[in-house]
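J.:
Now the structure itself:
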């Protein structure tokens, strides 16, 4: 059994929450209908993702599976919070709420798709420069450097160290073993990217992830997912401490899954003290637990999340605050990723210019001696 599975089995889900989800499971056709209608209006990858999510909703029959999956929990939330017996108008209101939740899922899906497109758009240019520079370097090493090497040998010139380095690289790149190794590394890269894509698909279909790849997920984005999942659980009536543990155990990041039993204590939530008599429920004053809680999580600032979890206020307000913080973390992660990737363009151009300049100077350094001798 993995660490995350062990944490999930030890986490106690409130009986009221379990009963609400179990009462909502027979009504899952409403969610399936809304997802199917939304999928019919789309094409491509987003349509396939919605169809897969619809199939997952259709076949889910366990309340714990719903509670531990933020996507399913958000879709079942309107059904779980509704009264068991509804009039026709109330039934229509509930279906509208389900459609609103589906629309929110579609909005986040579209935002994530735009974020991926933007990152790839920034990354395409440096990747293109890297590929072209590799081809140019290979052409120089295979076609041009041997001509200069033969010339140096015929004239008996003294070859300086930079030129010997360029000639050695040329010999390596002319070897069959070098290109065989290059092909193997390229194949491994393709396989790893394929496995990473398959792991994302597995998470979409089953809600589970492969721990071998989960360490590569962004910490800030994972904290956003954690805040969002916790907000849904709090809105359903689950305690804050247990909500944090459930959301941590369901995280895509292995480090958060390992820390899930200790997240509440690290963020100052263990045995929370009530508000002072002079402080209203929505007071922004920090409690002693919040003052002693860590403001960093896995190297990423999390003071906003700490404050939102420790502040004493209504569950609905706290849930709304956690949703806002989740959106903020996602936006910050996107901004940081684009900023870092944008630096690859000038850095890649600079490195290519330095490599080409070094090769040109190294090949012409021995010719200086020949020209000096002729003059």
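Numbering (my numbering), first residue to last: 23 to 397.
Ideal Cβ placement from N, Cα and C applies to all residues, glycine included.
Any idea which residues DSSP pairs residue 323 with across the strands?
T.: Sequence index remark: in the chain shown, residue 323 carries index 301 (1-based). Looking at the DSSP assignment, residue 323 forms a beta bridge with 318.
J.: I want to know whether the segment 85-93 touches the segment 56-65 - three or more CB-CB distances under 8 Å.
T.: Result no; under three Cβ-Cβ pairs closer than 8 Å.
J.: Consult DSSP for residue 35 and reduce its assignment to one of helix, strand or coil.
T.: In the chain shown, counting from the first residue as 1, residue 35 sits at position 13. Three-state result, residue 35: coil.
J.: Does the distance from the CB of residue 270 to the CB of residue 255 come in under 8 Å?
T.: Position 248 of the chain shown, counting from 1, holds the residue named residue 270. Position 233 of the chain shown, counting from 1, holds the residue named residue 255. For residue 270 and residue 255, no; Cβs fall outside 8 Å.
J.: For residue 245, which residues from the same chain have a beta carbon less than 7 Å from its beta carbon, with the 5 sequence-adjacent residues on both sides left out?
T.: Against the chain shown, residue 245 aligns to sequence position 223. Cβ within range, chain order: 319, 322, 324, 327 and 351.
J.: Use the C-beta contact count for residue 50: other C-beta atoms within 10 angstroms, 16 or more gives buried, fewer gives exposed.
T.: Residue 50 sits at position 28 when you count from the first residue of the chain shown. Under this definition residue 50 is a buried residue.
J.: Beta carbon of residue 385, beta carbon of residue 161: below 8 Å?
T.: Numbered from its first residue, the chain shown carries residue 385 at position 363. Numbered from its first residue, the chain shown carries residue 161 at position 139. No, the pair does not count as a contact, with Cβ atoms beyond the cut-off.
J.: Report the three-state DSSP secondary structure of residue 246 (helix, strand or coil).
T.: Stepping through the chain shown from its first residue, residue 246 is reached at position 224. Here residue 246 sits in helix by DSSP.
J.: Can you list the beta strand (DSSP E) stretches of 3 or more residues lying completely in the segment 76-107, in chain order?
T.: With a minimum length of 3 residues, no continuous beta strand (DSSP E) run stays inside the segment 76-107.
J.: With residue 283 as the anchor, note down where its alpha helix (DSSP H) starts and where it stops.
T.: For the purposes of this step, residue 283 is taken as the residue at position 261 of the chain shown. Neither: residue 283 is in no alpha helix (DSSP H) and is coded neither H nor E.
J.: Which runs of the beta strand (DSSP E), 3 residues or longer, sit entirely within the segment 154-220?
T.: Those beta strand (DSSP E) runs which fall completely within the segment 154-220 and span 3+ residues do not exist here.
J.: What does a CB cutoff of less than 6 Å around residue 343 pick up in its chain, not counting 5 residues either side in sequence?
T.: Against the chain shown, residue 343 aligns to sequence position 321. For residue 343, where only same-chain residues beyond five positions count, the Cβ hits under 6 Å are 330.
J.: First and last residue of the alpha helix (DSSP H) that includes residue 64?
T.: Reading the chain shown from its first residue, position 42 is the one you call residue 64. Careful: residue 64 lies outside any alpha helix (DSSP H) and carries neither H nor E.
J.: Using a 10 Å radius around the Cβ and a threshold of 16 neighbouring Cβ atoms, would you call residue 97 buried or exposed?
T.: Translated into positions along the chain shown, residue 97 becomes position 75. By the 10 Å Cβ count, residue 97 comes out buried.
J.: By DSSP, does residue 261 sit in helix, in strand, or in coil?
T.: Taking the chain shown and counting its residues from 1, one reaches residue 261 at position 239. Correct three-state label for residue 261: coil.
J.: Residue 211 to residue 357, Cα distance in whole Å?
T.: Along the chain shown, one-based indexing puts residue 211 at 189. Along the chain shown, one-based indexing puts residue 357 at 335. Cα to Cα, residue 211 sits roughly 26 Å from residue 357.
J.: I need the straight-line Cα distance from residue 380 to residue 181, nearest angstrom please.
T.: Mapped onto the chain shown, residue 380 falls at position 358. Mapped onto the chain shown, residue 181 falls at position 159. Going from the Cα of residue 380 to the Cα of residue 181 covers about 15 Å.
J.: Roughly how many whole angstroms lie between the Cα atoms of residue 377 and residue 201?
T.: As a working note, residue 377 is residue 355 in the chain shown. As a working note, residue 201 is residue 179 in the chain shown. Each residue's Cα considered, the two are about 20 Å apart.
J.: Looking at residue 43: is its Cβ nearer than 8 Å to the Cβ of residue 79?
T.: Position 21 of the chain shown, counted from the first residue, corresponds to residue 43. Position 57 of the chain shown, counted from the first residue, corresponds to residue 79. No, the pair does not count as a contact, with Cβ atoms beyond the cut-off.
J.: Within its chain, find whatever has a CB closer than 6 Å to the CB of residue 69; leave out the 5 residues flanking it on each side and keep chain order.
T.: To locate residue 69, count along the chain shown from 1; it is residue 47. Taken in chain order, the residues that qualify are 61.
J.: Using a Cβ cut-off of 8 Å (strictly closer), state whether residue 347 contacts chain C.
T.: Absent from the structure: chain C. Only one protein chain is present.
J.: If you compare alpha carbons, which of 37, 102 and 67 is closest to residue 52?
T.: Counting from 1 along the chain shown, the entry for residue 52 is found at position 30. It is 102 whose Cα lies nearest to the Cα of residue 52.
J.: When DSSP labels each residue in this structure, what does residue 239 get in the three-state scheme?
T.: Start at 1 with the first residue of the chain shown, and residue 239 comes out as number 217. DSSP places residue 239 in coil when its eight states are reduced to three.
J.: Can you list, in chain order, the residues of its chain whose CB lies under 6 Å from that of residue 38, leaving out five sequence neighbours each side?
T.: The residue you call residue 38 lines up with position 16 of the chain shown. Hits under 6 Å: 259.
J.: Grab me the residues of residue 366's own chain with a C-beta within less than 6 Å of its C-beta, minus the 5 sequence neighbours each way, in chain order.
T.: Within the chain shown, the letter at position 344 stands for residue 366. Correct list, in chain order: 148.
J.: Closest to residue 276 by C-alpha separation, out of 241, 253 and 251, would be which residue?
T.: As a first step, residue 276 must be located in the chain shown, where it is residue number 254. Nearest C-alpha to residue 276: 241.
J.: Which residues in the same chain as residue 41 place their Cβ atom closer than 7 Å to its Cβ, once the five residues preceding and following it in sequence are excluded?
T.: As a first step, residue 41 is located in the chain shown; it is residue number 19 there, counting from the start. Nothing listed; no residue qualifies.
J.: Can you tell me whether residue 265 is buried or exposed? The criterion is at least 16 other CB atoms within 10 Å of its CB, across all chains shown.
T.: Counting from 1 along the chain shown, the entry for residue 265 is found at position 243. Buried.
J.: With distances taken Cα to Cα, identify the nearest neighbour of residue 85 among 46, 209, 54 and 348.
T.: On the chain shown, residue 85 is found 63 positions in, with the first residue counted as 1. The residue with the shortest Cα to Cα distance from residue 85 is 46.
J.: Roughly how many angstroms lie between the CA atoms of residue 204 and residue 239, to the nearest whole one?
T.: Here the question's residue 204 lines up with position 182 in the chain shown. Here the question's residue 239 lines up with position 217 in the chain shown. Taking the straight line from one Cα to the other gives about 27 Å.
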